[in-house]
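This report refers to the structure that appears directly beneath it.
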Amino acid sequence: MIELKHLGKTYRTADQEIVALDDINLTIHDGEIFGIIGLSGAGKSTLVRCINLLEVPTSGEVLVDGKSLTALSRSELLKLRQSIGMIFQGFNLLEQRTVLRNVCFPLEIAGVRKQDAKKRARELLDLVGLSDRENSYPSQLSGGQKQRVAIARALATNPKYILCDEATSALDPNTTRAILDLLRKINEELGVTIVVITHEMKVVDHICDRVAVIDRSHIAEEGKVSDVFTNPRSEIARNLIFPRERTVLETQGGKRLRLSFDGQTTCGPHIAEMVLACQAPVSILMANTKELDGVIYGYTIIELPTDVHQADKIVAWLKNSGISFSEVE
Amino acid sequence: MHFSDIFMKLWNAGLIQKGIWETIYMTVISTVISYVLGLPLGVILNVTGRDGLHPVSWLNRILGLVVNFFRSIPFIVLMVSMLPVAKFVVGSSLGNNAMIVMLVIAATPYIARLVESSLQEINSGVIEAAQAIGCSNFQIVTKVLIPEAKPSLITGGIISMVTILGYSAMAATIGGTGLGQIAIVYGHQRSKPDVTWVCVLLLVIIVQIIQAVGSAIVHRTDKRIRQ
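Protein chains in written order, with our numbering: chain A, 734 to 1062; chain B, 147 to 373.
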């Protein structure tokens, strides 16, 4: 279990103080995939680096399995880092080492015998599907392959946790999916707890169990992915989940509503029923659905007729129907 | 007299062979000693720097000052002023061993700066990954910084060797030997420019060989460019 308690990080330069993290409280349970999502500059990279103390927090505590990291001696900390793997957006492989020797690197540091390290590294390359590339150098690999090597390297010392810092942000959509599937497999088969830092909603959507939304150094909200996605309470979560729709701009001038569908209301010809019942036309400006844990969630943005009478009729119908809706500015 | 005749005359007198040998001897020994001293100095400069692994600003500033001090003295002036040092180290202020002392004093700070900048080129993400793995700073230097910078370090070594070769010819003005001495004593002072030109030609060939061999080694070493 990883616990962050009242965590704060302030950078001091000569003439100003920059608050990167302010009173962060999070608990990451064993066996889950925990997402931390936020825009650039929100503090998420600093946050993940506090978990293995690559960044030293200026206040608060980081507890890993109940041990406070800031209280550890330097050598205890180096030892503990071997139980927390990390992968990065830029892969960060050693360019002058072969794939096999890259995966062996953490084992070398942990003092594992060379033969045993090679054996373990080969097992891991097999797990990530790169057995045939052990003698290649990183420059000969694609981005997705490099990240697979980095994942194998992160797993080498049998860590309990893996931290992913924007691990898929430099990859194309197909490769992203493959890497995320691999992380999910590692989580399920090896029981490794994974912390994912990202700015992409689809990453959280694809693999995370729980998510925390970070905005301007604070945790804006936190919860099960399906809860946060269907009912985002914070402004920032709404913006991340439903990025501003540009298509909405060109309209006839009628009031615009966002209809949200949870699992129960997603199916069924609601819009058609509404139009028939109210005898009033609406324009559908945008619609989208997402599947979370086998349940379909979705939203539709409609534009009401400019006729006030007709518009009121539709609003009244919606209120009766149980479909939640809100006005779009 | 024809160019090749001059060359043969010098060759038959055994001067050329001796000159080439002495030049190579001074250059290679000086480069090796300077590199052995300059590499740790460069590592310390890099590691203690503001963005280094372990910033120690006072140490970095003092070393930086010393390095800059020696680098800002023109070699010819440095040689003259370091004569007592050479005498102290090798017991004489004349001869090739004394010249090696001067060359090492001049080249070590130069190599330290080259090493420092080679290490600076290493992607900070790779260093961060090593830290996340649990490497100590010493392990990062020996297992990440130096191996990853190896091609660049070798390139720096080659550049230094060529520079030292040039300096070694200059050392002839205060009692050094080698091709520089032949050029100055037999060519310049006896007004035989042809002799000087033979030495220039030989120096050019030696530089070309050093450069070609060095580039081949770098190419073989660097795993980033091999496809």
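Cβ atoms here follow ideal geometry from the backbone N, Cα and C, with glycine treated the same way.
In the structure shown, Val202 of chain B falls within a coil segment according to DSSP collapsed to helix, strand and coil. Of all residues in the segment 299 to 324 of chain B, none comes within less than 7 Å of chain A when Cβ atoms are compared. Taking 9 Å as the cut-off, the beta carbon of Ile769 of chain A is found closer than this to the beta carbon of Val944 of chain A. With the criterion set as a beta carbon lying under 9 Å from some beta carbon of chain B, the members of the segment 866 to 882 of chain A are Tyr870, Pro871, Ser872 and Gln873, in sequence order. In the displayed model, Thr301 of chain B falls within a helix according to three-state DSSP. Within the same chain, and ignoring the five residues on either side of Leu185 of chain B in sequence, the residues whose Cβ sits closer than 6 Å to its Cβ are Val261. In the DSSP secondary-structure assignment, Phe994 of chain A is bridged to A:Gly1031. Taking a beta-carbon distance threshold of 9 Å, Ala843 of chain A counts as an interface residue toward chain B.
Taking a contact to require three or more Cβ pairs closer than 8 Å, the segment 767 to 786 of chain A and the segment 240 to 254 of chain B do not qualify as touching. Around the CB of Glu922 of chain A, fewer than 16 other CB atoms lie within 10 Å, so the residue is classed as exposed. With the rule of 3 Cβ pairs closer than 8 Å, the segment 338 to 351 of chain B does not count as touching the segment 200 to 213 of chain B. Distances from the alpha-carbon of Ser176 of chain B to those of B:Ile166, B:Ser306 and B:Thr194 put B:Ser306 closest. In the displayed model, Glu1060 of chain A falls within a strand according to three-state DSSP.
DSSP, read as helix, strand or coil, puts Asp898 of chain A in strand.
Contact annotation: in the segment 758 to 792 of chain A, residues whose CB is within less than 9 Å of a CB in chain B are Arg782, Asn785 and Leu787. Put simply, the backbone Cα of Thr760 of chain A is about 31 Å away from that of Asn283 of chain B. Interface residue (Cβ-Cβ distance to chain B less than 9 Å): Thr901 of chain A is not classified as such. A residue is called buried once 16 or more other Cβ atoms fall within 10 Å of its Cβ, and Gln829 of chain A is buried on that count. DSSP places Tyr332 of chain B in no alpha helix (DSSP H); its state is neither H nor E.
Cβ proximity to chain A below 8 Å picks out Asn269 from the segment 253 to 269 of chain B. For Glu828 of chain A, the chain B residues whose C-beta falls within less than 7 Å of its own C-beta are Glu294, Lys369 and Arg370, listed in chain order. Counting C-beta pairs with one atom in each stretch, the segment 149 to 167 of chain B and the segment 238 to 246 of chain B have fewer than three that are closer than 8 Å, which means they do not touch. Minimum Cα-Cα distance from Ser314 of chain B among the listed residues B:Gln357, B:Thr194, B:Ile273 and B:Ile222 corresponds to B:Ile222. Nearest in C-alpha terms to Val189 of chain B, of all of B:Leu291, B:Lys369, B:Ser298 and B:Gly333, is B:Leu291.
In the three-state reduction of the DSSP assignment, Glu856 of chain A falls in the helix class, which pools H, G and I. Contact annotation: Lys957 of chain A and Asp942 of chain A have beta-carbon atoms nearer than 9 Å. Interface criterion not met: the Cβ of Thr926 of chain A is under 9 Å from no Cβ in chain B. Within the segment 743 to 771 of chain A, complete beta strand (DSSP E) segments of at least 3 residues are found at 750 to 761 and 766 to 770, given in chain order.
Interface annotation, Glu274 of chain B: in contact with chain A, CB-CB separation under 9 Å. Within the segment 203 to 258 of chain B, the runs of alpha helix (DSSP H) at least 4 residues long that lie entirely inside it are, in chain order, 203 to 217, 221 to 227 and 229 to 236. The alpha-carbon separation between Leu1051 of chain A and Met1007 of chain A amounts to approximately 8 Å. In this structure, Leu191 of chain B sits near Ala258 of chain B, with a CB-CB distance shorter than 9 Å.
For Val290 of chain B, the residues of chain A that pass the 8 Å Cβ criterion are Leu827, in the order they occur in the chain. Scanning A:Ala753, A:Glu736, A:Thr743 and A:Lys851 for the CA closest to the CA of Ile947 of chain A turns up A:Ala753. When DSSP reads this structure, His951 of chain A sits in a beta bridge with A:Asp948. Taking the C-beta atoms as reference points, Ser950 of chain A is found no nearer than 9 Å to Gln822 of chain A.
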